[in-house]
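Structure, as structure tokens:
2 protein chains.
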Amino acid sequence: MQNFVLHNPTTIIFGTDTVHQIGRETAPFGKKVLLVYGQGSIKNNNIHAQVTSALQQAGLDVVEHGGVRSNPLLSHVQAGIAKARLNRVEAIVAVGGGSVIDSAKAIAAGIPVDHNVWQFFRGKKSIRSALPLTCVLTLAASGSEMNGGMVITNELTRQKFGTGNRLLNPKVSILDPSLTFTVPADYTAYGAVDAIAHILEFYFTTRDRSTPVQDRFMEGLVINIMESCDKVLGNPYDYQGRADLMWAATLALNGWTAAGLGMVGFPMHMIEHSLSALYNIAHGAGLSIVIPSWMRYQARLNPEKFMQFAHRVFGLSGDSENCAMEGIAYLQRWFTSVKSPVSLAAAGIQAEDIPLIAENALPLAKLWRLKDYTKEIIMEILSGCR
Amino acid sequence: MQNFVLHNPTTIIFGTDTVHQIGRETAPFGKKVLLVYGQGSIKNNNIHAQVTSALQQAGLDVVEHGGVRSNPLLSHVQAGIAKARLNRVEAIVAVGGGSVIDSAKAIAAGIPVDHNVWQFFRGKKSIRSALPLTCVLTLAASGSEMNGGMVITNELTRQKFGTGNRLLNPKVSILDPSLTFTVPADYTAYGAVDAIAHILEFYFTTRDRSTPVQDRFMEGLVINIMESCDKVLGNPYDYQGRADLMWAATLALNGWTAAGLGMVGFPMHMIEHSLSALYNIAHGAGLSIVIPSWMRYQARLNPEKFMQFAHRVFGLSGDSENCAMEGIAYLQRWFTSVKSPVSLAAAGIQAEDIPLIAENALPLAKLWRLKDYTKEIIMEILSGCR
Chain A
317 MQNFVLHNPT TIIFGTDTVH QIGRETAPFG KKVLLVYGQG SIKNNNIHAQ VTSALQQAGL
377 DVVEHGGVRS NPLLSHVQAG IAKARLNRVE AIVAVGGGSV IDSAKAIAAG IPVDHNVWQF
437 FRGKKSIRSA LPLTCVLTLA ASGSEMNGGM VITNELTRQK FGTGNRLLNP KVSILDPSLT
497 FTVPADYTAY GAVDAIAHIL EFYFTTRDRS TPVQDRFMEG LVINIMESCD KVLGNPYDYQ
557 GRADLMWAAT LALNGWTAAG LGMVGFPMHM IEHSLSALYN IAHGAGLSIV IPSWMRYQAR
617 LNPEKFMQFA HRVFGLSGDS ENCAMEGIAY LQRWFTSVKS PVSLAAAGIQ AEDIPLIAEN
677 ALPLAKLWRL KDYTKEIIME ILSGCR
Chain B
317 MQNFVLHNPT TIIFGTDTVH QIGRETAPFG KKVLLVYGQG SIKNNNIHAQ VTSALQQAGL
377 DVVEHGGVRS NPLLSHVQAG IAKARLNRVE AIVAVGGGSV IDSAKAIAAG IPVDHNVWQF
437 FRGKKSIRSA LPLTCVLTLA ASGSEMNGGM VITNELTRQK FGTGNRLLNP KVSILDPSLT
497 FTVPADYTAY GAVDAIAHIL EFYFTTRDRS TPVQDRFMEG LVINIMESCD KVLGNPYDYQ
557 GRADLMWAAT LALNGWTAAG LGMVGFPMHM IEHSLSALYN IAHGAGLSIV IPSWMRYQAR
617 LNPEKFMQFA HRVFGLSGDS ENCAMEGIAY LQRWFTSVKS PVSLAAAGIQ AEDIPLIAEN
677 ALPLAKLWRL KDYTKEIIME ILSGCR
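Residue numbers (the numbering used here), protein chains in the order written: chain A, 317 to 702; chain B, 317 to 702.
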């Protein structure tokens, strides 16, 4: 185990009938709030009304900033910063999934500074303060509700970059699994894939070969994410399944799994970001395309951990590279079973684009210090996405 | 999964060469600190010198309060409160295991109030404020380093009671596994048993039959605690083993495993507290005596969860009560293998004392709302401790 510092100050309020608490939980942070949300689904299913009513009952003035799309855009973040400044908001309330929460974080970090918020993502500036943020989560996927990370797409440069800071941890996040009853099957599956990807990035990129506590935690989460996803795809209104999926997705990226692993990388996300930046496909869909190929590439370099994964997650036996590859095939088949694409072709991406995608990925590989990932290696992994 | 609120604000600094940070981490909380520690082992192994030097370098005045014994005493807590008041200390620094940290918490909670601190343990008063606490952990066992719980023994009434409050969460806890290299084999094992007991209390007393995320987390921790304990009993200077054992013991009782389980009880601790209150045996030793018998008692009432335990922790198969019992026998054999006692006789306790022990346990059963535990049932469980 490597040395680590762990401090996650986010308060999680988990369960049914908790949304009304958003007013009381936000009130300590200011009188005027910016309410950030997405494309309006929260208006159809009544969450918007519940949240605004709770905020108003707590005596808060609400400035609305809806319209966040998936793969959230820098321009929309910048509009939010301008609106927040104009209205002198003191806190941000995000109601949505990872795209909404990430946009809210970028707004929270961008308000206090006089430079372009994109500078944070380019690693040119450090986040030193941020407005307080509270959240109501509506999608089990990104884990953003309990960490300080955020990912934004710059539509001008066609770059999807991520950064983070512990100042961006939400103060409070409300996780009511029943809010996800109406998430459609495809986005439910993409969310599960995203959560699995977060775990696999840690699990397979740590260079520490002795992390048994974290390993078992992560293996258990992967199994639980698959099982609960299967359950809710069978019955979208299965509360226990939605709850397990939501909590497991939060745990996948809240710092607990990664504590003690030392340096880890996010190579699968790095490559995927170029798919969603260039083709605006859903992040989870992009990940299920990249993951199996990346795993096969990596298992050839270091099969041991992939064998452990095959043994413990899929109950396979054997101690050869074949067993490692069989575990990867099982995971790929699970992606297919939940209808998340596993090839570039399935997402309508031509093989001839591979050099272009790899080119797009290079700046992020550099920024995230994934030194081993040359254009050739990224192309090799992309060529294996089938 | 049941509704829950989770907020654990303790900062964990984990790893080698971290003890010197105790000065810097404590300084924000005051100029004058009470340094609470145990029977002096930290003087023999140089930890005391490291800590006081770090505190002094950070500009802090140190008032010493050593001498905490295992099964820590109320009188010593009261002496600490008096000393802290007299010296107007502003923060508490605990250097030790659970007994020391629990004593430091009781002192921190007792300083601001004008009543006997025991009132908190009797449930007669609520904790509404406490002095800030920082810790340097020297024993993998209680989990007190990352929670708000504490257990104190009242030597006059011969009662060992526990209570807690989130205000007692340490601000910062420093966990350097190498500080536990010199913990003798018996206390290493008792610490492992204690951590396992914390998990089993949650795992087997939740009435929620659908907690798969928490179950796998807990099952993984039990396996890791046994494996890492075996490792360090083989080689006390095995850093990875000490690290895994220390972190797993913290995770066993920091709120993460229990989140979502709903109401849980601590019946094994309830019964054990009477063993250590009456005979001053080590807490872990008392637990390994009680656990197998309690598990057999409980498995007869509700075998399913015990079968799952047998399957996943010990790799057993079968779906009968026999399989459940076999899993318990495996655990009991593991206790024996690490030389933690599994019978009253092994701890020199006479069978004729059983009514007396059960009588002593009743007030705590009432206080902890373990309604099912009549004197007869406690006697039945104690009679099975063989």
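C-beta atoms are modelled at their ideal positions from N, C-alpha and C, and glycine is treated no differently.
Quick caveat: nothing in here was measured; it's all calculated off a predicted structure.
>> Which residues of the region 550 to 562 of chain B have a Cβ closer than 7 Å to any Cβ of chain A? Give them in chain order.
In response: Those would be Q556, A559 and D560, in chain order.
> Is it buried or exposed for Q373 of chain A, if we count other Cβ within 10 angstroms and need 16 for buried?
Replying inline: In the first sequence, counting from the first residue as 1, residue 373 of chain A sits at position 57. Exposed: under 16 other Cβ atoms inside 10 Å.
>> Counting only C-beta atoms, is T283 of chain A closer than 8 Å to chain B at any point?
In response: Nothing about residue 283 of chain A can be reported from this structure: the residues present for chain A run from 317 to 702 only.
>> Considering Cα atoms alone, identify which of B:T368, B:G480 and B:Q648 is closest to L351 of chain B.
In response: Stepping through the second sequence from its first residue, residue 351 of chain B is reached at position 35. When B:T368, B:G480 and B:Q648 are compared, the shortest CA-CA separation from L351 of chain B is found for B:T368.
>> Runs of 4 residues minimum, wholly inside the region 388 to 462 of chain A: which ones carry the alpha helix (DSSP H) assignment?
In response: 390 to 402, 414 to 426 and 434 to 437, all fully within the region 388 to 462 of chain A.
> Looking at V335 of chain B and D492 of chain B, is the spacing between their C-beta atoms short of 8 Å?
Replying inline: The residue you call residue 492 of chain B lines up with position 176 of the second sequence. The residue you call residue 335 of chain B lines up with position 19 of the second sequence. Cβ atoms of D492 of chain B and V335 of chain B: closer than 8 Å.
> What is the DSSP secondary structure of N360 of chain A, counted as helix, strand or coil?
Replying inline: Locating residue 360 of chain A in the first sequence gives position 44, where the first residue counts as 1. The DSSP-derived three-state label of N360 of chain A is helix.
> To the nearest whole angstrom, what separates the beta carbons of Y689 of chain B and M586 of chain B, a pair I think is in contact under 8 Å?
Replying inline: Indexing the second sequence from 1 puts residue 689 of chain B at position 373. Indexing the second sequence from 1 puts residue 586 of chain B at position 270. Right, the Cβ-Cβ distance comes to about 7 Å (below 8 Å), so this counts as a contact.
> Between which two residues does the alpha helix (DSSP H) carrying Y555 of chain A extend?
Replying inline: The residue given as residue 555 of chain A occupies position 239 in the first sequence. Annotation for Y555 of chain A: the continuous alpha helix (DSSP H) segment containing it runs Y555 to L567.
>> Using only the alpha-carbon positions, how far apart do A425 of chain A and G557 of chain A sit?
In response: As a position in the first sequence, residue 425 of chain A is number 109, starting the count at 1. As a position in the first sequence, residue 557 of chain A is number 241, starting the count at 1. In a straight line, the C-alpha of A425 of chain A is about 34 Å away from that of G557 of chain A.
> For a contact meaning CB atoms closer than 8 Å, what does N596 of chain B contact in chain A?
Replying inline: Translated into positions along the second sequence, residue 596 of chain B becomes position 280. Neighbours of N596 of chain B across chain A, judged by C-beta separation under 8 Å, do not exist; the nearest C-beta is about 32 Å away.
>> Going by beta-carbon coordinates alone, are I363 of chain A and T504 of chain A separated by less than 8 Å?
In response: For the purposes of this step, residue 363 of chain A is identified with residue 47 of the first sequence, where counting begins at 1. For the purposes of this step, residue 504 of chain A is identified with residue 188 of the first sequence, where counting begins at 1. No, Cβ-Cβ distance for I363 of chain A and T504 of chain A is not below 8 Å.
> Which residues, taken in chain order from the region 319 to 350 of chain A, show a beta carbon closer than 9 Å to some beta carbon of chain B?
Replying inline: Per Cβ criterion, the list reads N319, F320, V321, L322, H323, N324, P325, T326, T327, I328, I329, F330, G331, T332, D333 and T334.
> Name the chain B residues whose beta carbon is nearer than 7 Å to that of F533 of chain A?
Replying inline: Here residue 533 of chain A corresponds to residue number 217 of the first sequence, with the count starting at 1. For F533 of chain A, the C-beta contacts it makes with chain B under 7 Å involve F533 and G536, in order along the chain.
> Relative to the alpha-carbon of Q624 of chain B, which residue among B:M534, B:N676 and B:D669 has its alpha-carbon at the smallest distance?
Replying inline: Position 308 of the second sequence, counted from the start, is the residue given in the question as residue 624 of chain B. The shortest C-alpha separation from Q624 of chain B is found at B:M534.
> Relative to the C-alpha of N551 of chain B, which residue among B:T496, B:L567, B:A420 and B:N540 is closest?
Replying inline: As a position in the second sequence, residue 551 of chain B is number 235, starting the count at 1. For the residues B:T496, B:L567, B:A420 and B:N540, the minimum Cα distance to N551 of chain B belongs to B:T496.
>> Can you list, in chain order, the residues of its chain with a C-beta nearer than 6 Å to that of A501 of chain A? Leave out the 5 residues immediately preceding and following it.
In response: Numbered from its first residue, the first sequence carries residue 501 of chain A at position 185. When the five nearest sequence neighbours on each side are left out, the beta carbons in the same chain lying within less than 6 Å of the beta carbon of A501 of chain A are those of L549, in order along the chain.
> In the region 510 to 526 of chain A, which residues sit with their C-beta less than 7 Å from some C-beta in chain B, listed in chain order?
Replying inline: Across the region 510 to 526 of chain A, CB contacts with chain B closer than 7 Å involve S526, in sequence order along the chain.
> Does any C-beta atom of chain B lie closer than 8 Å to the C-beta of M542 of chain A?
Replying inline: The count along the first sequence starts at 1 and reaches residue 542 of chain A at position 226. Not closer than 8 Å to any Cβ of chain B, the Cβ of M542 of chain A fails to qualify, so no.
>> Looking at the secondary structure, which residues open and close the beta strand (DSSP E) in which I329 of chain A lies?
In response: Residue mapping note: residue 329 of chain A aligns to position 13 of the first sequence, counting from 1. That run of the beta strand (DSSP E) goes T327 to F330.
>> Among A:S494, A:A343 and A:P619, whose alpha-carbon lies nearest the alpha-carbon of N638 of chain A?
In response: Here residue 638 of chain A corresponds to residue number 322 of the first sequence, with the count starting at 1. Minimum Cα distance to N638 of chain A is reached at A:P619.
> To the nearest angstrom, how far is it from the Cα of E406 of chain A to the Cα of L376 of chain A?
Replying inline: In the first sequence, residue 406 of chain A corresponds to position 90, counting from 1. In the first sequence, residue 376 of chain A corresponds to position 60, counting from 1. E406 of chain A and L376 of chain A: Cα-Cα distance of roughly 10 Å.
>> Taking a contact to mean a Cβ-Cβ separation below 8 Å, would you say M542 of chain B touches W610 of chain B in this structure?
In response: Translated into positions along the second sequence, residue 542 of chain B becomes position 226. Translated into positions along the second sequence, residue 610 of chain B becomes position 294. No; because the gap between Cβ atoms is not below 8 Å, this pair is not in contact.
> Closest to G356 of chain A by CA distance: which of A:Y646, A:Y595, A:V529 and A:S386 is it?
Replying inline: Residue mapping note: residue 356 of chain A aligns to position 40 of the first sequence, counting from 1. Taking the Cα of G356 of chain A as reference, the smallest distance to any Cα among A:Y646, A:Y595, A:V529 and A:S386 is reached at A:S386.
> For A674 of chain B, which option in B:N470, B:F320, B:Q475 and B:G459 has the closest C-alpha, if you only look at C-alpha atoms?
Replying inline: Position 358 of the second sequence, counted from the first residue, corresponds to residue 674 of chain B. Taking each of B:N470, B:F320, B:Q475 and B:G459 in turn and checking the Cα distance to A674 of chain B, the smallest one comes out for B:Q475.
> Among residues of its own chain, excluding the 5 on either side of G464 of chain B, which ones have a beta-carbon nearer than 8 Å to its beta-carbon?
Replying inline: On the second sequence, position 148 is the one that residue 464 of chain B refers to. Once the five neighbours on either side are set aside, the close Cβ partners of G464 of chain B are K421, G480, N481, R482, L483, L484 and N485.
> Using a beta-carbon distance below 8 Å, is W572 of chain A in contact with chain B?
Replying inline: The residue labelled residue 572 of chain A in the question sits at position 256 within the first sequence. Interface residue, yes.
> Per the contact definition of three or more C-beta pairs closer than 8 Å, is the region 320 to 328 of chain A in contact with the region 394 to 409 of chain A?
Replying inline: Too few Cβ pairs lie closer than 8 Å, so no.
> Is S590 of chain A buried or exposed, if buried means 16 or more other CB atoms sit within 10 Å of its CB?
Replying inline: Position 274 of the first sequence, counted from the start, is the residue given in the question as residue 590 of chain A. Residue environment for S590 of chain A: buried (at least 16 other C-beta atoms within 10 angstroms of its C-beta).
> Taking buried to mean at least 16 other C-beta atoms within 10 Å of its own C-beta, is Q666 of chain B buried or exposed?
Replying inline: Within the second sequence, the letter at position 350 stands for residue 666 of chain B. Its Cβ having fewer than 16 others within 10 Å, Q666 of chain B is exposed.
>> When you compare the CB of G480 of chain B with every CB in chain A, is at least one pair closer than 8 Å?
In response: Your numbering for residue 480 of chain B matches position 164 in the second sequence. No, no contact with chain A.
>> Is P448 of chain A close to chain B? Criterion is C-beta to C-beta, closer than 8 Å.
In response: Position 132 of the first sequence, counted from the first residue, corresponds to residue 448 of chain A. So, not an interface residue.
>> Just to make sure I have the definition right: I need the residues of chain B whose C-beta is within less than 8 Å of the C-beta of V499 of chain A. Which are they?
In response: Sequence index remark: in the first sequence, residue 499 of chain A carries index 183 (1-based). Residues of chain B with a Cβ closer than 8 Å to the Cβ of V499 of chain A do not exist, since the nearest Cβ in that chain sits about 18 Å away.
> Would you say V606 of chain A reaches chain B, if we count a Cβ-Cβ gap shorter than 8 Å as a contact?
Replying inline: In the first sequence, counting from the first residue as 1, residue 606 of chain A sits at position 290. Under the Cβ distance rule, V606 of chain A does not count among the residues neighbouring chain B, no pair being separated by less than 8 Å.
> Hey, would you say D384 of chain A sits closer than 8 Å to V433 of chain A, going by beta carbons?
Replying inline: As a first step, residue 384 of chain A is located in the first sequence; it is residue number 68 there, counting from the start. As a first step, residue 433 of chain A is located in the first sequence; it is residue number 117 there, counting from the start. Checking the sequence, you will find Val at residue 384 of chain A rather than Asp. No, the pair does not count as a contact, with Cβ atoms beyond the cut-off.
>> Would C451 of chain B and A508 of chain B be called neighbours here (beta carbons separated by less than 8 Å)?
In response: For the purposes of this step, residue 451 of chain B is taken as the residue at position 135 of the second sequence. For the purposes of this step, residue 508 of chain B is taken as the residue at position 192 of the second sequence. Taking 8 Å as the Cβ cut-off, C451 of chain B and A508 of chain B do not qualify as a contacting pair.
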